[in-house]
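Read the structure below first, then the notes.
Chains as they are written, first to last, in our numbering: chain W, 1 to 123; chain P, 1001 to 1227.
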């Protein structure tokens, strides 16, 4: 839902960085997006294309790397994927904050990223 | 937006420069949220973020919380909506300071909007800030505002699968209010099952069954919030 505003910020930051360096053209932008964000990658790509139109980033390649979500347990030290609850009533397994090893409550350690990793530009 | 954190600048073949950045755009919101929280704490106030779907009963619950608590705390309310001040006026008639935050097109409040709204308040005059987020079970999860606790309101009229279909927002919740329990029977929805769904996804959340029209369960919500 908020791909437009996030992508606007991405483009704004990319253009600001390019301006600082007097770039003539932006050729590539690399993003890392966590799987636990609510950002739809197709929508990010589409809005990126729309927002960059008429700027020096128009036509640049957008490369998105996805980051898996994982959790950390402060009780037993587990670090890894979610424990899923597989209740036939739910039709699909539901992710939970229960530690797969010791059943304590875990916290989310990765998967919420939305990072501009690098930008390639012609100066 | 906070300034970009530059890590490395290196030249590549020909005239192409590869600029490495490490700015997380969602973290930029988190940083602003932490600033909001610090500002509130410095002024001796705590904030509660109230999330939930459209029509889940967030405003009614806030009205009941305000009625219950207004003689014990100096309360202000931020009311997030795309447009209109209808709900903000509903809350303001209880005699608490209310700021309507109209997001225009955005489906959630963010820390920057809350920061701007905080500038409209005399923080010295309040000690509890209730923030009603835009009705949505998806995006608000991603945007912390600087609150001390987060509440998710889910009503039985949303059907039996609302919680398992939106696990990530329930992972963010400190308190979950299962609302409109008077309608559970006609809806054929089992409140106990909804409660179990929350506890399965997020064992540390406190679950309270509520009726925002009569005020049933509202004291338990306040207690779970430490108010």
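We put the beta carbon where it would ideally sit given N, CA and C, even for glycine. These numbers were taken from a predicted model, which means no experiment stands behind them.
Exercise. Can you tell me which of the three DSSP states residue 1197 of chain P falls into?
Key: Assigned with DSSP and collapsed to three states, residue 1197 of chain P falls in helix.
Quiz item: When DSSP labels each residue in this structure, what does residue 1049 of chain P get in the three-state scheme?
Solution: For residue 1049 of chain P, the three-state secondary structure derived from DSSP is strand.
Quiz item: Hey, residue 1120 of chain P and residue 1099 of chain P: beta-carbon distance below 7 Å or not?
Solution: Yes, the Cβ-Cβ distance between residue 1120 of chain P and residue 1099 of chain P is below 7 Å.
Quiz item: Alpha carbon to alpha carbon, what distance is there between residue 1187 of chain P and residue 1038 of chain P?
Solution: Looking at the two C-alpha atoms, the distance is approximately 43 Å.
Quiz item: Just the Cα atoms here: how many angstroms apart are residue 1013 of chain P and residue 1113 of chain P?
Solution: Low confidence applies to residue 1013 of chain P: its pLDDT is 46, below 50, so where it sits in the model is not reliable enough to give any reading.
Exercise. Could you name the residues of chain W that residue 1031 of chain P contacts, counting a contact when the two beta carbons are closer than 7 Å?
Key: Those within 7 Å of residue 1031 of chain P in chain W number zero; the least Cβ separation is about 14 Å.
Practice problem: Determine, using beta carbons only, whether residue 1176 of chain P comes closer than 7 Å to chain W. | Solution: Output row for residue 1176 of chain P: interface = no.
Quiz prompt | Coarse secondary structure for residue 78 of chain W, derived from DSSP in three states | solution = Correct three-state label for residue 78 of chain W: coil.
Self-check item: Cβ-based neighbour list, residue 1126 of chain P, same chain, cut-off 6 Å, excluding 5 preceding and 5 following
Solution: Excluding residues within five positions, the ones whose Cβ falls inside 6 Å are 1045, 1074, 1076.
Quiz prompt | Outcome for residue 20 of chain W when other beta-carbon atoms lying within 10 angstroms are tallied against a minimum of 16 | solution = So residue 20 of chain W ends up on the exposed side.
Quiz item: If we count the other Cβ atoms within 10 Å of its Cβ and call it buried at 16 or more, is residue 1031 of chain P buried or exposed?
Solution: Residue 1031 of chain P is exposed by the Cβ-count criterion.
Exercise. With residue 1179 of chain P as the anchor, note down where its beta strand (DSSP E) starts and where it stops.
Key: In the DSSP assignment, residue 1179 of chain P falls within the beta strand (DSSP E) that extends over 1175–1179.
Self-check item: Closest by C-alpha distance to residue 1212 of chain P, when choosing among P:1185, P:1202, P:1201, P:1177
Solution: Of the candidates P:1185, P:1202, P:1201, P:1177, the one whose C-alpha sits nearest the C-alpha of residue 1212 of chain P is P:1177.
Self-check item: Distance CB(residue 1183 of chain P)-CB(residue 1156 of chain P) smaller than 7 Å
Solution: Cβ distance < 7 Å, so residue 1183 of chain P and residue 1156 of chain P count as in contact.
Practice problem: Can you say whether residue 1192 of chain P is buried or exposed, counting buried as having 16 or more other CB atoms within 10 angstroms of its CB? | Solution: By the neighbour-count rule (16 or more Cβ atoms within 10 Å), residue 1192 of chain P is not buried but exposed.
Practice problem: Using the DSSP secondary-structure output, state which residues sit across from residue 110 of chain W in a beta bridge. | Solution: According to DSSP, residue 110 of chain W bridges with W:70.
Exercise. Using a Cβ cut-off of 7 Å, pull out every chain W residue sitting near residue 1164 of chain P, in sequence order please.
Key: By Cβ distance, chain W contributes 90, 94.
Quiz prompt | Where residue 178 of chain W falls: helix, strand or coil (DSSP) | solution = No answer is possible for residue 178 of chain W: it lies beyond the span of chain W, which begins at 1 and ends at 123.
Quiz item: Going by other Cβ atoms of all chains shown within 10 Å of its Cβ, with 16 needed for buried, is residue 97 of chain W buried or exposed?
Solution: Counting other Cβ atoms within 10 Å of its Cβ, residue 97 of chain W reaches 16 or more and is therefore classed as buried.
Quiz item: Nearest chain P C-beta to residue 7 of chain W closer than 7 Å, yes or no?
Solution: Using a Cβ-Cβ cut-off of 7 Å, residue 7 of chain W does not count as an interface residue toward chain P, since no Cβ of chain P sits closer than that to its own.
Practice problem: Run through the region 1125–1155 of chain P for me and flag every whole beta strand (DSSP E) of 3 or more residues, listed as ranges in chain order. | Solution: For the region 1125–1155 of chain P, the continuous beta strand (DSSP E) assignments of 3+ residues that do not extend past its boundaries occur at 1128–1132, 1149–1155, in sequence order.
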